[in-house]
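Novice: For the sequence shown, the numbering used here gives the first residue as 166, with consecutive numbering after it.
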Amino acid sequence: MDKISSIINEMIIYECGCINRINHFLKVHSFAKLIAEMENIDDRTKFLIQTAAVVHDIGIKPSMEKYHSSAGKYQQLEGVYPAKKILEKLCFDTDIIDRVCYLIAHHHTYSNIDGIDYQILVEADFLVNIFEENMTKEKAVSVVEKYFKTGSSKLLFENIYSNFL
166 MDKISSIINE
176 MIIYECGCIN
186 RINHFLKVHS
196 FAKLIAEMEN
206 IDDRTKFLIQ
216 TAAVVHDIGI
226 KPSMEKYHSS
236 AGKYQQLEGV
246 YPAKKILEKL
256 CFDTDIIDRV
266 CYLIAHHHTY
276 SNIDGIDYQI
286 LVEADFLVNI
296 FEENMTKEKA
306 VSVVEKYFKT
316 GSSKLLFENI
326 YSNFL
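(1) Should T216 and I178 be called a contact, given that it needs their Cβ atoms to be closer than 8 Å?
(2) Assess, as a yes-or-no matter, whether the stretch 239-249 is touched by the stretch 283-300 under the definition of 3 or more beta carbon pairs within less than 8 Å.
(3) Throw me the rounded Cβ distance for the Y275 and V265 pair, which I believe falls under 8 Å.
(4) Among residues of its own chain, excluding the 5 on either side of S235, which ones have a beta-carbon nearer than 7 Å to its beta-carbon?
(5) Measure how close the beta-carbons of H271 and D222 come, nearest whole angstrom, since I'm counting them as under 8 Å.
(6) To test your reading of the DSSP string, which unbroken alpha helix (DSSP H) runs of 4 or more residues are found completely within the stretch 218-251?
(7) May I ask which residues mark the beginning and end of the alpha helix (DSSP H) holding C181?
(8) Leaving out five residues on either side along the sequence, give the residues of the same chain with a beta carbon under 7 Å from the beta carbon of V306.
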């Protein structure tokens with residue numbers, strides 16, 4: 166099994182029984198992979214993006230246990246430790262682990278996006294959240310205008326949510 170399949174399997178085990186969170190990370194992973202391919206991202210960065218997409222919300226479970234909340238600030242705070250533990254178990258390279266942990270610790274912070282990996286993760290997560298959070302047309306368009314930078318994500322938004330436009 167390749168490393169992406171391994172991390173997906175580990176996250177399914179980690180989120181055992183939580184169908185919504187499992188479906189969420191699978192959808193975010195799918196969009197992140199597609200956007201990275203559409204943007205012609207190099208293979209190593211694409212691998213990093215896919216890994217981050219799978220584990221980006223790993224902090225929800227400990228946040229719910231500790232704070233009884235899944236607020237983004239808690240996810241960012243509590244997600245690094247379990248992600249690092251799983252990625253180390255699967256023998257991911259240290260530089261990948263470090264960057265993925267950084268992305269987890271910042272994926273709900275939109276003010277200082279510092280790389281294409283971070284940008285694509287944010288865009289893929291929003292593409293899913295627009296539907297899952299049942300955003301209004303105005304809110305969805307505002308999110309895209311404010312946070313989407315890649316042409317691929319903008320095009321996906323237009324094609325997926327054409328009823329909004």
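All C-beta atoms, glycine included, are put in the ideal place defined by N, C-alpha and C.
Specialist: Well, looking at it:
(1) Indexing the sequence shown from 1 puts residue 216 at position 51. Indexing the sequence shown from 1 puts residue 178 at position 13. No. Outside cutoff.
(2) no
(3) Taking the first residue of the sequence shown as position 1, residue 275 is located at position 110. Taking the first residue of the sequence shown as position 1, residue 265 is located at position 100. The pair is not a contact, with the Cβ atoms about 18 Å apart (cut-off 8 Å).
(4) In the sequence shown, the residue the question calls residue 235 occupies position 70. Once the five neighbours on either side are set aside, the close Cβ partners of S235 are I225, S228 and M229.
(5) Within the sequence shown, residue 271 is the residue found at index 106, counting from 1. Within the sequence shown, residue 222 is the residue found at index 57, counting from 1. With 8 Å as the limit, H271 and D222 do not qualify as a contact, their Cβ atoms being about 13 Å apart.
(6) 225-232 and 237-243
(7) In the sequence shown, counting from the first residue as 1, residue 181 sits at position 16. Here C181 belongs to no alpha helix (DSSP H), and DSSP marks it neither H nor E.
(8) For the purposes of this step, residue 306 is identified with residue 141 of the sequence shown, where counting begins at 1. So the qualifying residues of the chain are F329.
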